[in-house]
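Read the structure below first, then the notes.
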Amino acid sequence: MKQSSLCPKFEKAMHLLGKRWTGLILHQLLSGPQRFCAIEEALPISGRLLSERLKDLEKEGLVHREVYTDSAPVRVEYSLTDKGRALEPIIKGVEKWAQMWIELDQEAAN
């Protein structure tokens, strides 16, 4: 297997952020803490995959999972950590770039 000449940290970051739905989940959490069902409603993603991505992001320290046991049923909220929030200018930059350069085909626009 060919050895990459990229910085290992950059390569790891791109691997993490390049996973399907990760960027959209992070973008969704930029607006503040949200419950699982709110994220699931906002994005066309299965609950299983959303759960998997949130666990990955939590493991990497980008997302914080807060469990509230003071009510029944137990409430769980997800929010960005400082590390996750540090991605905001990058996410906003990609959003701005997409507005300028990405064109949707007819099917995707509907």
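Just so you know, UniProt numbering puts 72 at position 72 of the sequence shown, and the rest follows in order with no gaps.
The beta-carbon is built from N, C-alpha and C at its ideal position, and this holds for glycine as well.
Straight-line Cα distance separating Lys-19 from Val-63:
Val-63 and Lys-19 have their C-alpha atoms some 15 Å from each other.
Beta-carbon proximity check, Pro-8 vs Tyr-78, cutoff 8 Å:
no
Residues in the same chain with beta-carbon distance under 8 Å from Leu-43, minus the five sequence neighbours each way, listed in chain order, please.
Trp-21, Leu-24, Ile-25, Gln-28, Leu-50
To the nearest angstrom, how far is it from the Cα of Thr-69 to the Cα of Glu-40?
Looking at the two C-alpha atoms, the distance is approximately 21 Å.
Compare the beta carbon distance of Leu-16 and Ile-91 with 8 Å and say whether it is the shorter of the two.
The answer is no: Cβ separation not under 8 Å.
For Arg-53, three-class secondary structure by DSSP
helix
For Gly-84, count neighbouring Cβ atoms within 10 angstroms of its own Cβ and tell me buried if that reaches 16, exposed if not.
That one is buried.
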